[in-house]
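Using the numbering used here, read the sequence shown as starting at 7 and increasing by one per residue.
Where is the CB? At the ideal position from N, CA and C, for every residue including glycine.
For reference, the structure is listed below as structure tokens.
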Amino acid sequence: FRQLTFLHIYHHASILVLAEAGTVTYAAPVSIGDSLNCFVHIVMYFYWAMLAAGVDMSGYKKIVTQIQLLQFVLGGILLTYGYLQGGFCIYAPMYDLSMLLLFSDFYYKAYIKKRHEKKA
């Protein structure tokens, strides 16, 4: 249970509702985001499978997080474009922005702040 962070709970609780609503309402653009998300999850599950198999994956956790951040940047661009062109509600790019901020906070605490603390 120590791994159940706000980010984890927020993401998994909200995505169930939002993914269904988005796919029904904005099928084509949301499918692009869903495809990005599938790719990210394939990378994550491969990473976890290698860890479970005892393979040294030093340094790859950071790369996985960077791929997740890239997903939210690309998704944010797509969703903002959809909103500005009309048809997307404001909640889609706002949700993406919330995920980008939460994952950025995780990245900062896990990789940047720790590195600075080690130097001190």
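Under 8 Å by Cβ, that's how I've got L103 and G82 pegged, so tell me the actual separation to the nearest angstrom. In this structure L103 touches G82 by the C-beta definition: roughly 6 Å separates them, less than 8 Å.
What's the C-alpha gap between A116 and F78? For A116 and F78, the distance between alpha carbons rounds to 18 Å.
Please report the distance separating the alpha-carbon of T86 from that of I118. If you draw a straight line from the Cα of T86 to the Cα of I118, it is about 28 Å long.
In chain order, what residues of the same chain have a beta carbon less than 6 Å from the beta carbon of G39, not counting five sequence neighbours either side? Excluding sequence neighbours, G39 sits near G81.
Tell me the rounded alpha-carbon separation between Y114 and S64. Whole-angstrom Cα-Cα distance: 18 Å.
Can you tell me the Cα-Cα spacing of Q9 and H122, whole angstroms? Each residue's CA atom was taken as its position, placing Q9 and H122 some 23 Å apart.
Would you kindly report the start and end of the unbroken alpha helix (DSSP H) that includes I69? Segment 66 to 90, the alpha helix (DSSP H) holding I69.
Measuring CA to CA, which of A55, S37, H47 is closest to H18? Out of A55, S37, H47, H47 has the C-alpha closest to the C-alpha of H18.
Own chain partners of V70 with C-beta closer than 7 Å, once the 5 adjacent residues on each side are dropped: Answer for V70: V49, M50, Y53, listed in chain order.
Could you check the C-alpha separation between Y16 and M100 for me, to the nearest Å? Their Cα atoms are separated by approximately 14 Å.
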